[in-house]
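Listed in order, the protein sequences are those of chains B and C.
Numbering-wise (our numbering), the first sequence opens with residue 18 and increments by one.
Numbering-wise (our numbering), the second sequence opens with residue 18 and increments by one.
Just so you know, even glycine gets a beta-carbon here, dropped at the ideal spot from N, CA and C.
Bear in mind the structure is a predicted one, so any value in this text is a computation, not a measurement.
Everything on this sheet refers to the single structure shown next.
Number of protein chains: 2
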Amino acid sequence: MAASTSERLSVLDVARGARQAANKLALLSDGIRREALLAVADALVSRQSEILNANQLDVELASEAVARGDMSRAFLDRLKTSEAGMSQMAAQVRAVAALQDPLGIVLSATQLDDDLKLYKVSCPLGVIAIVFESRPDVIPQVAALTLRSGNAVVFKGGKEAANTNAALLNTWQDALKLFSEIPPNATNLIHTRTDVAELLALEDEVDLVIPRGSKEFVRHIAKTSHIPVMGHGEGICHVYVDSAADPEKALAIALDSKIQYPAACNSMETLLVHHDIAPVFLEEIVKRFRSAGVEVRGCSETVSLAGSEAVFPASDADWSTEYSDLVVSIKVVDTMDEAIQHISRYGSRHTETIVTDDHCTAQDFMNRIDAAGVFHNASTRFADGFRYGLGAELGISTAKLHARGPVGLEGLTTYKYKLVGQGHTVEPYVRGERSFKHTPLPS
Amino acid sequence: MAASTSERLSVLDVARGARQAANKLALLSDGIRREALLAVADALVSRQSEILNANQLDVELASEAVARGDMSRAFLDRLKTSEAGMSQMAAQVRAVAALQDPLGIVLSATQLDDDLKLYKVSCPLGVIAIVFESRPDVIPQVAALTLRSGNAVVFKGGKEAANTNAALLNTWQDALKLFSEIPPNATNLIHTRTDVAELLALEDEVDLVIPRGSKEFVRHIAKTSHIPVMGHGEGICHVYVDSAADPEKALAIALDSKIQYPAACNSMETLLVHHDIAPVFLEEIVKRFRSAGVEVRGCSETVSLAGSEAVFPASDADWSTEYSDLVVSIKVVDTMDEAIQHISRYGSRHTETIVTDDHCTAQDFMNRIDAAGVFHNASTRFADGFRYGLGAELGISTAKLHARGPVGLEGLTTYKYKLVGQGHTVEPYVRGERSFKHTPLPS
Chain B
18 MAASTSERLS VLDVARGARQ AANKLALLSD GIRREALLAV ADALVSRQSE
68 ILNANQLDVE LASEAVARGD MSRAFLDRLK TSEAGMSQMA AQVRAVAALQ
118 DPLGIVLSAT QLDDDLKLYK VSCPLGVIAI VFESRPDVIP QVAALTLRSG
168 NAVVFKGGKE AANTNAALLN TWQDALKLFS EIPPNATNLI HTRTDVAELL
218 ALEDEVDLVI PRGSKEFVRH IAKTSHIPVM GHGEGICHVY VDSAADPEKA
268 LAIALDSKIQ YPAACNSMET LLVHHDIAPV FLEEIVKRFR SAGVEVRGCS
318 ETVSLAGSEA VFPASDADWS TEYSDLVVSI KVVDTMDEAI QHISRYGSRH
368 TETIVTDDHC TAQDFMNRID AAGVFHNAST RFADGFRYGL GAELGISTAK
418 LHARGPVGLE GLTTYKYKLV GQGHTVEPYV RGERSFKHTP LPS
Chain C
18 MAASTSERLS VLDVARGARQ AANKLALLSD GIRREALLAV ADALVSRQSE
68 ILNANQLDVE LASEAVARGD MSRAFLDRLK TSEAGMSQMA AQVRAVAALQ
118 DPLGIVLSAT QLDDDLKLYK VSCPLGVIAI VFESRPDVIP QVAALTLRSG
168 NAVVFKGGKE AANTNAALLN TWQDALKLFS EIPPNATNLI HTRTDVAELL
218 ALEDEVDLVI PRGSKEFVRH IAKTSHIPVM GHGEGICHVY VDSAADPEKA
268 LAIALDSKIQ YPAACNSMET LLVHHDIAPV FLEEIVKRFR SAGVEVRGCS
318 ETVSLAGSEA VFPASDADWS TEYSDLVVSI KVVDTMDEAI QHISRYGSRH
368 TETIVTDDHC TAQDFMNRID AAGVFHNAST RFADGFRYGL GAELGISTAK
418 LHARGPVGLE GLTTYKYKLV GQGHTVEPYV RGERSFKHTP LPS
């Protein structure tokens with residue numbers, strides 16, 4: 018059903034329609050999925066004035082809300098798109114089309130016995146629900162990733178972006194009409210919070226929920242539903258400057274990790290500094306932070322080394338705060354063990370960096386830290402699907418199961434075991450008349 | 018802490034101790050983990066009289082419960098172990114020791130830029146909780162799998178097996194005392210339902226819950242906790258006999274899938290038969306089922322073809338029933354589409370078999386069916402970790418995320434991304450002064 022008609026369908030009907038669409042999408046060839054995305058990218062450009070008009074409507078309503086004090090300026094900024102924004106959306110869709118097919122990959126193959134072969138083959142998850150707040154670019158980006166991976170998708174966007182989202186989805190669905198193999202309910206839009214609550218209860222119809230928004234939002238969805246959720250709670254990332262660190266590398270990495278884009282989840286919140294290097298390092302990094310406009314909060318040793326005019330005393334709450342802003346906390350540690358304990362206690366298992374020229378120390382840190390990313394002599398800001406070479410990113414998972422760290426197309430797939438025999442039964446193996454060979458086959 | 022002392026610890030203390038142990042276990046060498054398992058296997062044999070005495074105590078108490086009518090005979094049978102059972106447990110532990118190390122495997126490696134390399138490396142999950150009912154062999158089997166994969170484990174067994182479980186765990190922990198690198202709280206035992214409820218709330222301390230028991234039990238755990246759960250709800254598996262099936266293969270596969278071990282989750286519950294082959298096939302399979310003591314329930318066409326004296330009429334409830342017993346339901350379908358629709362509606366996405374000599378039909382069935390296992394000309398009973406060559410099995414997952422189908426050691430691991438640079442910051446890439454190479458490295 019097109020977006021305009023799904024308003025008239027019950028959420029259960031939408032979900033069941035999506036399930037039927039998913040069954041068909043799983044069978045589409047790589048070529049069709051790629052061509053369809055290129056057609057959509059063209060349509061996003063050719064119909065951009067229609068989409069921008071819709072966006073203008075949303076922006077006007079939002080501006081009134083900002084004037085009334087009901088909405089933040091930052092929210093309005095995220096809502097607004099432009100011709101450049103539209104080109105970027107189209108480029109993202111084309112980039113996803115260019116990615117290698119994630120489906121039908123033989124992950125392993127085993128000859129169990131004569132004429133009995135087992136294949137573990139990647140396949141789509143099925144129906145993905147995306148619940149997001151205002152950013153309009155989520156629709157083309159996520160719709161592209163789900164179509165590329167053969168999944169159906171149900172969107173629920175913020176009501177502030179309702180016109181933009183509807184225009185984007187209409188464009189998307191119209192472009193796909195040229196491809197008779199692609200069912201119209203491959204992409205779906207639901208509208209209200211009640212709809213979301215209904216959807217989150219449909220465990221049999223929805224395979225994965227991806228909430229995009231604040232950590233409270235992600236947590237709320239995870240608590241509400243028993244459908245698996247992929248999302249990240251928060252990013253409390255650390256840079257640990259070891260006693261054997263090269264101070265220049267440490268300065269560059271600490272600065273980049275903090276100031277390059279402080280709102281990102283992969284930015285550093287707390288800098289840990291070995292006490293042997295603190296006297297030479299702290300004064301300089303604090304000076305650099307302050308000239309970059311960063312507020313510095315430090316432990317007592319940091320304050321005494323860098324001066325109380327430059328560093329505010331940190332409270333216990335600072336160690337567990339994701340500032341997402343130009344604020345940093347600094348703690349001096351006596352040993353790497355202390356740094357690891359601090360990270361284990363306060364970190365969110367997102368990304369942790371050690372700066373050191375001692376290879377063994379680096380290995381030890383990377384083996385002992387339990388996080389999606391453990392970095393040596395590199396900025397925490399590298400924790401990103403594009404930078405990792407995944408081509409596109411759905412988000413960064415701080416969960417350990419299924420997908421961890423930046424999630425690309427692979428995170429939208431599962432696998433099935435295909436077993437091909439010639440009438441094989443297990444009875445002869447149980448009786449001991451036959452035994453398994455278990456020879457690996459080239460996959 | 019040893020099992021005997023964990024009674025005095027709070028559940029939170031047990032879980033935190035397990036987390037600390039997990040941090041150490043993650044760093045153990047392959048050799049130590051293997052040697053430790055071999056030592057435990059020896060101890061299970063050398064201390065078997067102590068374990069069997071404890072088991073005898075449990076069996077006596079259970080026998081009284083059976084006499085009072087408070088417990089089923091089948092439950093008592095599962096509880097009871099023997100010298101042969103102990104040898105089998107030791108053999109299972111040795112088999113796990115012999116499996117390839119699942120840790121430290123480089124799953125992918127990419128050169129992001131000069132001197133900037135990204136590695137995706139397998140590592141343990143951390144702390145695994147196992148909640149199970151009576152079978153005593155769960156402890157050595159699961160403790161072996163968790164230790165082999167570098168995880169700590171918290172057990173909660175049924176109170177009916179309390180003496181057996183304590184004796185098994187004491188033996189296990191005593192044997193590990195010879196290995197100073199292995200922390201004593203690598204294996205832990207909690208005791209009451211209240212303990213379990215407390216444990217299931219500790220999202221930060223427990224990474225995965227594995228419930229082993231009835232589908233109601235698994236569902237209860239999944240509903241109660243927001244910790245990821247790995248388990249399977251039910252196994253409603255089908256065999257579809259296509260019009261192009263070889264009748265001899267179809268008979269062998271249908272019989273093996275039903276009668277080889279009807280209580281197993283990978284046994285067939287419903288046989289779907291194409292109407293073109295039904296006249297020649299149904300009479301014979303019904304005769305064979307009946308001589309094997311299988312009660313047959315069929316759709317109206319089955320009844321009319323095989324005779325109402327041989328086949329009871331099936332009700333709608335039959336199609337969604339996991340008999341786990343010598344009962345089978347049979348339905349005649351007009352097309353493979355109808356078979357697929359039936360499986361999609363009533364199946365539990367566990368294992369589905371097609372019997373056909375038409376290769377294209379088989380491919381189509383296997384691509385279209387959404388299940389952990391899709392088989393061609395092979396019994397559903399092959400859906401098993403040992404038969405698949407995984408070496409050992411924790412269970413069969415009917416979930417799609419993380420692990421699907423038979424779950425072995427790999428299901429107890431996650432991965433981390435290790436990034437090694439030389440002081441790299443993202444700023445030059447954002448400014449466009451440098452660009453990524455993203456060259457695959459040999460992994």
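- For the beta strand (DSSP E) assignment, the uninterrupted runs of no fewer than 3 residues enclosed by the stretch 84–161 of chain C are, from N- to C-terminal side, 123–130, 133–141, 144–149.
- Under the DSSP assignment, V31 of chain B falls in the alpha helix (DSSP H) whose first and last residues are 28–42.
- Non-local C-beta neighbours of Q128 of chain B in its own chain, meaning closer than 7 Å and more than five positions away in sequence, comprise K134, K454, T456, L458, ordered along the chain.
- For N205 of chain C, same chain residues with a beta-carbon under 6 Å away, outside a window of 5 residues either side, are S23, V31, A35, V171 in chain order.
- Against Q277 of chain B, the close residues of chain C are T442, V443, E444, V447, in the order they occur along the chain (beta-carbon pairs closer than 8 Å).
- In the three-state DSSP reduction, A395 of chain C falls in the strand class (E or B).
- Contact between the stretch 278–292 of chain C and the stretch 326–341 of chain C is established, with three or more Cβ pairs separated by less than 8 Å.
- Three or more Cβ pairs closer than 8 Å define a contact, and the stretch 164–184 of chain C meets that threshold against the stretch 91–108 of chain C.
- Residues of the stretch 368–402 of chain B with a Cβ closer than 7 Å to any Cβ of chain C, in chain order: M383, N384, R385, D387, A388, A389, G390, V391, F392, H393, N394, A395, S396, R398, F399.
- Counting only Cβ-Cβ distances below 8 Å, V437 of chain B has contacts in chain C at A379, F392, H393, N394, A395, in chain order.
- Rounded to whole angstroms, the gap between the alpha carbons of P296 of chain C and L322 of chain C is 6 Å.
- If you ignore the 5 residues before and after H441 of chain B, its C-beta comes within less than 8 Å of the C-beta of D130, D132, L133, all in its own chain and listed in chain order.
- Using beta-carbon distances, N168 of chain C does not count as an interface residue toward chain B, since no partner is under 8 Å.
- Look at the beta carbons and you see the stretch 229–242 of chain C not touching the stretch 267–278 of chain C: under three pairs across the two are nearer than 8 Å.
- C254 of chain C sits in a strand when the DSSP states are folded into three classes.
- The stretch 156–170 of chain C makes contact with the stretch 44–51 of chain C: 3 or more CB pairs, one atom from each, lie closer than 8 Å.
- Nearest CB-CB separation between N40 of chain B and chain C: below the 8 Å threshold.
- Rounded to whole angstroms, Y432 of chain C and D118 of chain C show a C-alpha spacing of 14 Å.
- Of all residues in the stretch 238–253 of chain C, only A239, K240, H243, P245, M247 place a beta-carbon less than 9 Å from a beta-carbon of chain B.
- Under the 10 Å beta carbon count, A214 of chain B is surrounded by fewer than 16 other beta carbons and is classified as exposed.
- Proximity of K173 of chain C to chain B, defined by a Cβ-Cβ separation below 8 Å, is not satisfied.
- The beta carbon of A356 of chain B sits closer than 7 Å to the beta carbons of Y257, L289, V350 from its chain, once the five residues preceding and following it are set aside; these are given in chain order.
- Rounded to the nearest angstrom, the gap between the Cα atoms of S332 of chain C and R314 of chain C is 8 Å.
- Taken in chain order, the whole alpha helix (DSSP H) runs of length 4 or more contained in the stretch 319–368 of chain C are 353–363.
- Residue pairing of L288 of chain C in beta bridges, as defined by DSSP: C:V256, C:I347.
- K173 of chain C: not part of any alpha helix (DSSP H); member of the beta strand (DSSP E) spanning 169–173, first to last residue.
- The residue from C:A38, C:K304, C:Y446 with its alpha-carbon nearest to that of V223 of chain C is C:A38.
- It is roughly 45 Å from the alpha-carbon of P245 of chain C to the alpha-carbon of E300 of chain B.
- Residue range 204–206 is occupied by the beta strand (DSSP E) that includes L206 of chain B.
- Of all residues in the stretch 401–417 of chain B, only R404, Y405, G406, K417 place a beta-carbon less than 7 Å from a beta-carbon of chain C.
- DSSP, reduced to helix, strand and coil, places G438 of chain B within a strand of the structure shown.
- In its chain, beyond the 5 residues on either side, V57, A60, L61, R64, E67, I68 have a beta carbon closer than 8 Å to the beta carbon of T188 of chain B.
- Per DSSP, E222 of chain B is not a residue of any beta strand (DSSP E), being assigned neither H nor E.
- Taking a C-beta distance under 8 Å as the contact criterion, G412 of chain B and H249 of chain B qualify as a contact pair.
- Of the other Cβ atoms in all chains shown, fewer than 16 fall within 10 Å of the Cβ of T352 of chain B; this residue is therefore exposed.
- For E81 of chain B, no pairing in a beta bridge is given by DSSP.
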